[in-house]
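Chemist: Protein chains in written order, with our numbering: chain U, 1 to 341; chain W, 1001 to 1571. Take this structure first; my questions come after.
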Amino acid sequence: MLNYTLRRLILTIPTLLFISFIIFIIVKLSPSDPTGGLPLTIPPEVREQIREALGVNKPLMVQYFLWLKQFFWLEPRIYLEAAFGWDLGTAGETRLISYATRSPVMDLIWQRMPQTLWVVGTAYLVGVLIAVPIGVISAYKQYSIFDQTGTFISMIGFSVPPFFSGVLVIVIFSVLIPTDSFWWLPSIYDTTHEVTDWESFKYQFRQMIMPVMVLALQITAQISRFARASMLDNLNQDYVRTARAKGIRERKVVLVHVLRNSMIPVVTVIALGIPGIFGGAIITEQVFKVNGLGQLLIIAIQGGDVPTVQTLTFIFAILIVLFNLVADVLYGLLDPRIRYE
Amino acid sequence: MKLRTALMGAAAMMTAASPLLADGHEGERGRDGELKIIYWQAPSIMNPYLSGGTKELEAASLVIEPLARYNQDGALVPWLVDEVPTVANGGVSEDLKTITWKLSEGLKWSDGSPVTSEDVKFSWEYCTAEGGGCAQAEKYLDVTSVDTPDARTVVVNFGVAKPFPYGPFVGAQAPIIQKAQFADCMGANAPTCTDANFNPIGTGPFTVTEFKPNDVITLAANENYRDASKPAFATVTFKGGGDAASAGRAVMETGEFDYAWNLQLAPEELDRMESAGKGKNVVSFGTSVERIMINFTDPSPELGDRRGTTDHPHPFLTDKSVRQAMSMAIDRALLVEIGYGNFGRLTCNVLPAPAAFASTANDSCLTQDIDGANALLDEAGWAKGGDGIRTKDGVKLSVLYQTSTNAVRQDFQALIKDWWNQIGIEVELRNIDASVFFGSDPGSDDTFQKFFADVEMYTNNFDGTDPEAYMAGWTCDQRPRPETQWQGNNMPRFCSDEYDALRAELSTTGDIEERARLAKAMNDMLMQEYVMLPLVHRGRNAAHANTLGGVVMNVWDSEIWNAADWYRIGN
Chain U
1 MLNYTLRRLI LTIPTLLFIS FIIFIIVKLS PSDPTGGLPL TIPPEVREQI
51 REALGVNKPL MVQYFLWLKQ FFWLEPRIYL EAAFGWDLGT AGETRLISYA
101 TRSPVMDLIW QRMPQTLWVV GTAYLVGVLI AVPIGVISAY KQYSIFDQTG
151 TFISMIGFSV PPFFSGVLVI VIFSVLIPTD SFWWLPSIYD TTHEVTDWES
201 FKYQFRQMIM PVMVLALQIT AQISRFARAS MLDNLNQDYV RTARAKGIRE
251 RKVVLVHVLR NSMIPVVTVI ALGIPGIFGG AIITEQVFKV NGLGQLLIIA
301 IQGGDVPTVQ TLTFIFAILI VLFNLVADVL YGLLDPRIRY E
Chain W
1001 MKLRTALMGA AAMMTAASPL LADGHEGERG RDGELKIIYW QAPSIMNPYL
1051 SGGTKELEAA SLVIEPLARY NQDGALVPWL VDEVPTVANG GVSEDLKTIT
1101 WKLSEGLKWS DGSPVTSEDV KFSWEYCTAE GGGCAQAEKY LDVTSVDTPD
1151 ARTVVVNFGV AKPFPYGPFV GAQAPIIQKA QFADCMGANA PTCTDANFNP
1201 IGTGPFTVTE FKPNDVITLA ANENYRDASK PAFATVTFKG GGDAASAGRA
1251 VMETGEFDYA WNLQLAPEEL DRMESAGKGK NVVSFGTSVE RIMINFTDPS
1301 PELGDRRGTT DHPHPFLTDK SVRQAMSMAI DRALLVEIGY GNFGRLTCNV
1351 LPAPAAFAST ANDSCLTQDI DGANALLDEA GWAKGGDGIR TKDGVKLSVL
1401 YQTSTNAVRQ DFQALIKDWW NQIGIEVELR NIDASVFFGS DPGSDDTFQK
1451 FFADVEMYTN NFDGTDPEAY MAGWTCDQRP RPETQWQGNN MPRFCSDEYD
1501 ALRAELSTTG DIEERARLAK AMNDMLMQEY VMLPLVHRGR NAAHANTLGG
1551 VVMNVWDSEI WNAADWYRIG N
């Protein structure tokens, strides 16, 4: 197992390098220009000087290796220095700079991380907590009213995009309900809000309700379908009949024997979804102005901000590769029949 | 007429500060609590020299200020000085090569240190430093040196005679930054100064407390602001992100915010939001004109490297009657109504403002004339074929019409396509993502400069009130072509000696009436040759809460230029 994990970890290095190169080429070859969003009153000579100052005109390979060096060599040293107070000789070196903000990309990412983890992470947790029981009950009482309702809600979750459901709840809870009502909820997420006491926690809770619920609806829809299908597969297996024949209580049969076995694929799906949390939820973040990592990425794409796009997508790639590995390892732990040699 | 007088005033010196200050809302600084502004495009930096974007200019205008700026009528008003220098008051030399500014007495930076002429000089040095990529370098064009004879006097020397010397240190684009703060940030070092770029020390009514790029800015009243009773607001939250519709909703429907910028929404949508009773729409008209550019060169791909250059004249758009017919077929009033409502006006000029510069010679375009257009084409020998498309000598009137991706523009395309079909012109529509279309990557064939289409539509305008640089965009040497890496503003590739002569005359003429005459003549030439077809004179719109007082919409400068004068109504 340990061998397998190590082997997989080593294999990720060329995979990630290859991914980083592909991302770089795709981003660079797309015809976007960091000066494209500027007012037309800025003349072309000035635009050319701006591009020159940003380093856009350097040869592609030079830009790629510079990025590699900054990302893998310079940035880790800077964080080590900050963490331990060492001097690793980074003074005077140019960090990975965003074209739009002219500030270090990694700082932007750290700044955005909290609101994304709070909102998208909570939504994921809420989604999973709702989805698994729904899936289990739906499967156990297949074709009951509960199952039909669950299927209906999942279908809504699957098919209604957040730019519709998000705006719908805003219109209901922020526009139609008067501002002084208990049921009124803020439509704009305040990223500067700090939780210091009970009152500020209540506000944080209120401003998170709408984005979290909109996201959780989608997550619930997906995971509850997986849980239901997996439970159904197991409920008709021979070992379930055996367990019942042994006289084990129904509750124990379902919640211990069946549930444990059916959770194997579900856990994999949940683990594979975790990198998505860090990726943020581009549309939901836009709708509620959460301004997390998803919004950072979309703004960077629109603005031709190559270093930010490249770094963010690459971090997502790392997370996806890692969580794939985690899912594989978990699989082995949950199911003793699976062995990696 | 008022605008004209105001403009003369800029030259002849009109010092009157805006009259809006005196409406009885006096009191101590910070009395009205928090002001909440939402910009649906979030500012990414507070240094306008490192970003030419409007959102950054405007956010920064709360903190850093120029020596003089434009008011809501487009007239120059002194800001950090007591009067705007002119030839008449001796501030501008007779040969138009130097301008002398005198800083107001007792100005302080927000950190308490005095503002000196050295800071002004430094702002010029900062923007023109090698390798800095200053986005506002155009403002300092032709400046050869800046002298500082004493702590309050700044003398700007130009290498050539400048009939309009109000480029450097004027308007939101060219503010004064503090030398002490930015001294180590010159040229290639600019991006290493993240702190300075995010928290500039300024003279404006507010100072940055926290800057979260592309997200939110929190500001507090500047304790050292020159007027002790201003600003009325103690703090500002400047939120970014989302989209225009949700920003409008936050001000006019939910009332969560006080001011929302640039609401490019359908007019009926804005009216509906306003009817919720929490806020209102405001608009101001500057120089923005949505126009169709006509390609005088042949964009066919078969022509290889020389496509879209004057080596290959366009097969039919070089025929003036075709261009004229295309203009006559357009119902501009309908376009304004559908696309902009109260935020657009009819225009037949590409130079619609200031009023003194707006021509009235082309107003015949205001009425649609499909029959007249058909008659004109019949007369010119373009005969309709069996498919309803006109041809002449085997050349078919078939155009590719491109623009950027934007709901209003796609509506316009559909309407105009229909009108052109009615006069026997086949139209193929295409829309391109704005970041690609307005990007200037010479490797991309989809930019508005390469113009590999027959007609294209977009909006352009100019900063400030002087149209010289703008009108110079259609001279022969501004044609984008391979030799210029496809850079240049003359998208139609129009070239006329007569036009170039007018432009040369404009650059040496100082008299304001004479300049207006020349600019109008240039506009009329472009219009009467149908080089481009103006569609809509676009206003800049915003919305503010009914409880927010003192907002004076200004399209000539930062639209939140007078935030120091804003106050809360009802307190």
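Glycine residues also receive a C-beta, built at the ideal position from the N, C-alpha and C atoms.
Spell out the partners DSSP gives Trp1101(W) in its beta bridges.
Modeler: The residue labelled residue 1101(W) in the question sits at position 101 within the second sequence. For Trp1101(W), which the question treats as bridged, DSSP gives the partners Val1154(W).
Chemist: Could you work out which residue in Met231(U), Leu232(U), Val258(U) is closest to Arg244(U) when comparing CA atoms only?
Modeler: As a position in the first sequence, residue 244(U) is number 244, starting the count at 1. For Arg244(U), the nearest C-alpha among the options comes from Val258(U).
Chemist: If you follow the alpha helix (DSSP H) that Asn234(U) is in, where does it begin and where does it stop?
Modeler: Mapped onto the first sequence, residue 234(U) falls at position 234. Boundaries of the alpha helix (DSSP H) harbouring Asn234(U): 198–235, taken from the DSSP string.
Chemist: What first and last residue would you give for the alpha helix (DSSP H) that runs through Asn1281(W)?
Modeler: Taking the second sequence and counting its residues from 1, the one referred to as residue 1281(W) is at position 281. No alpha helix (DSSP H) holds Asn1281(W); the beta strand (DSSP E) holding it covers 1279–1294.
Chemist: When you check each C-beta in the region 101–115 of chain U against every C-beta of chain W, which residues fall closer than 8 Å?
Modeler: Thr101, Arg102, Ser103, Pro104, Asp107, Leu108, Gln111, Arg112
Chemist: Using DSSP with H/G/I as helix, E/B as strand and the rest coil, what is Pro1442(W)?
Modeler: Sequence index remark: in the second sequence, residue 1442(W) carries index 442 (1-based). Correct three-state label for Pro1442(W): coil.
Chemist: For the region 1049–1064 of chain W against the region 1554–1565 of chain W, are there 3 or more C-beta pairs whose distance is under 8 Å?
Modeler: Between the region 1049–1064 of chain W and the region 1554–1565 of chain W, the count of C-beta pairs closer than 8 Å reaches three or more; the two stretches touch.
Chemist: If we define contact as Cβ-Cβ less than 9 Å, is Leu1377(W) a contact residue for chain U?
Modeler: For this step, residue 1377(W) is matched to residue 377 along the second sequence. No, Leu1377(W) lies away from the interface with chain U (no Cβ there is under 9 Å from its Cβ).
Chemist: Using 8 Å as the cut-off, can you tell me whether the region 1149–1162 of chain W makes contact with the region 1088–1103 of chain W, which would need three or more C-beta pairs spanning the two stretches below that distance?
Modeler: yes
Chemist: From what residue to what residue does the beta strand (DSSP E) around Ile1390(W) run?
Modeler: One-based indexing of the second sequence puts residue 1390(W) at position 390. The residue asked about is misnamed: residue 1390(W) is Arg in this sequence, not Ile. Per DSSP, Arg1390(W) belongs to the beta strand (DSSP E) from 1390–1392.
Chemist: DSSP state of Asp1271(W), grouped into three classes?
Modeler: Numbered from 1 along the second sequence, position 271 holds the residue referred to as residue 1271(W). Asp1271(W): helix per DSSP, three-state reduction.
Chemist: In chain order, what residues of the same chain have a beta carbon less than 6 Å from the beta carbon of Thr1100(W), not counting five sequence neighbours either side?
Modeler: In the second sequence, the residue the question calls residue 1100(W) occupies position 100. Excluding positions up to five away in sequence, the list reads Pro1085, Gly1091, Val1155.
Chemist: Between the beta-carbon of Thr1254(W) and the beta-carbon of Ser174(U), is there less than 9 Å?
Modeler: Within the second sequence, numbered from 1, the residue matching residue 1254(W) stands at position 254. Within the first sequence, numbered from 1, the residue matching residue 174(U) stands at position 174. In this structure, Ser174(U) lies closer than 9 Å to Thr1254(W) by Cβ.
Chemist: What does Ile342(U) touch in chain W if you count any residue whose Cβ is under 9 Å from its own?
Modeler: Here chain U has residues from 1 to 341 only, and residue 342(U) is not among them.
Chemist: Are the beta-carbon atoms belonging to Ala377(U) and Ala1190(W) less than 9 Å from one another?
Modeler: Because chain U spans 1 through 341 in this model, residue 377(U) falls outside it and cannot be assessed.
Chemist: Decide yes or no for the touch test of the region 1513–1533 of chain W against the region 1346–1362 of chain W: beta carbon pairs closer than 8 Å, at least 3 of them.
Modeler: Contact annotation: the region 1513–1533 of chain W touches the region 1346–1362 of chain W, with at least three C-beta pairs closer than 8 Å.
Chemist: Would you be able to state if there are at least three C-beta pairs under 8 Å between the region 1289–1306 of chain W and the region 1266–1280 of chain W?
Modeler: No, the region 1266–1280 of chain W is not in contact with the region 1289–1306 of chain W.
Chemist: Flag this pair as touching only if the region 116–136 of chain U and the region 218–228 of chain U have three or more C-beta atom pairs under 8 Å; answer yes or no.
Modeler: In short, these stretches touch, since the Cβ pair count reaches three.
Chemist: Using only alpha-carbon positions, find the residue among Asn234(U), Thr15(U), Asn57(U) that is nearest to Gly1443(W).
Modeler: Sequence index remark: in the second sequence, residue 1443(W) carries index 443 (1-based). Among Asn234(U), Thr15(U), Asn57(U), the Cα nearest to that of Gly1443(W) belongs to Asn57(U).
Chemist: Do the region 1361–1380 of chain W and the region 1294–1311 of chain W meet, that is, are 3 or more Cβ pairs less than 8 Å apart?
Modeler: no
Chemist: Does the region 95–109 of chain U come close enough to the region 297–312 of chain U to have 3 or more Cβ pairs within less than 8 Å?
Modeler: yes
Chemist: For Phe323(U), which three-state DSSP category applies?
Modeler: In the first sequence, the residue the question calls residue 323(U) occupies position 323. In the structure shown, Phe323(U) sits in a helix (DSSP, three-state: H, G or I).
Chemist: State the Cα-Cα distance for the pair Met61(U) and Gly55(U), rounded to the nearest angstrom.
Modeler: Residue numbering aside, residue 61(U) sits at position 61 when the first sequence is read from its first letter. Residue numbering aside, residue 55(U) sits at position 55 when the first sequence is read from its first letter. Computed Cα separation, rounded: 12 Å.
Chemist: Taking C-beta to C-beta, are Ser1117(W) and Pro1149(W) nearer than 9 Å?
Modeler: In the second sequence, the residue the question calls residue 1117(W) occupies position 117. In the second sequence, the residue the question calls residue 1149(W) occupies position 149. Cβ distance < 9 Å, so Ser1117(W) and Pro1149(W) count as in contact.
Chemist: DSSP beta-bridge partners for His1544(W)?
Modeler: On the second sequence, residue 1544(W) is found 544 positions in, with the first residue counted as 1. Paired residue(s): Tyr1259(W), Lys1280(W).
Chemist: What is the DSSP secondary structure of Phe1412(W), counted as helix, strand or coil?
Modeler: Residue numbering aside, residue 1412(W) sits at position 412 when the second sequence is read from its first letter. In this structure, Phe1412(W) counts as helix in the three-state DSSP scheme.
Chemist: Give the secondary structure of Ser1327(W) by DSSP, where H, G and I count as helix, E and B as strand, and everything else as coil.
Modeler: Locating residue 1327(W) in the second sequence gives position 327, counting from the first residue. In the structure shown, Ser1327(W) sits in a helix (DSSP, three-state: H, G or I).
Chemist: Which complete alpha helix (DSSP H) runs does the region 1–37 of chain U hold, if anything under 4 residues is left out?
Modeler: Listed in chain order, the complete alpha helix (DSSP H) runs (minimum 4 residues) inside the region 1–37 of chain U are 2–29.
Chemist: Using CA atoms only, rank isn't needed, just tell me which of Arg1430(W), Trp1382(W), Asp1393(W) is closest to Ser1404(W).
Modeler: Position 404 of the second sequence, counted from the first residue, corresponds to residue 1404(W). Out of Arg1430(W), Trp1382(W), Asp1393(W), Arg1430(W) has the C-alpha closest to the C-alpha of Ser1404(W).
Chemist: Quick test of your reading: Leu96(U) and Pro336(U), contact by CB under 8 Å. State the CB separation rounded to the nearest angstrom.
Modeler: For the purposes of this step, residue 96(U) is taken as the residue at position 96 of the first sequence. For the purposes of this step, residue 336(U) is taken as the residue at position 336 of the first sequence. Going by Cβ atoms, the distance from Leu96(U) to Pro336(U) rounds to 45 Å, so no, they are not a contact pair.
Chemist: Mind checking which residues open and close the beta strand (DSSP E) that includes Ile1217(W)?
Modeler: In the second sequence, counting from the first residue as 1, residue 1217(W) sits at position 217. Per DSSP, Ile1217(W) belongs to the beta strand (DSSP E) from 1216–1221.
Chemist: Closest Cβ-Cβ distance between Asp1446(W) and chain U: below 9 Å?
Modeler: Position 446 of the second sequence, counted from the first residue, corresponds to residue 1446(W). Closer than 9 Å to some Cβ of chain U, the Cβ of Asp1446(W) qualifies, so yes.
Chemist: Please report whether the beta-carbon of Ile299(U) lies at a distance below 9 Å from any beta-carbon of chain W.
Modeler: Within the first sequence, the letter at position 299 stands for residue 299(U). It does: the Cβ of Ile299(U) has a partner Cβ on chain W nearer than 9 Å.
Chemist: Among Tyr1225(W), Thr1287(W), Ile1176(W), Lys1239(W), which residue has its Cα nearest to the Cα of Asp1593(W)?
Modeler: In the structure displayed, chain W extends from 1001 to 1571; residue 1593(W) sits before or after that span and is not available.
Chemist: Listed in chain order, which residues of the region 1185–1201 of chain W have Cβ atoms closer than 8 Å to some Cβ of chain U?
Modeler: Ala1188, Ala1190, Pro1191, Thr1192, Thr1194, Asn1197, Phe1198
Chemist: Check whether the Cβ atoms of Asp1215(W) and Asn234(U) sit closer than 9 Å, and answer yes or no.
Modeler: Taking the second sequence and counting its residues from 1, the one referred to as residue 1215(W) is at position 215. Taking the first sequence and counting its residues from 1, the one referred to as residue 234(U) is at position 234. No; because the gap between Cβ atoms is not below 9 Å, this pair is not in contact.
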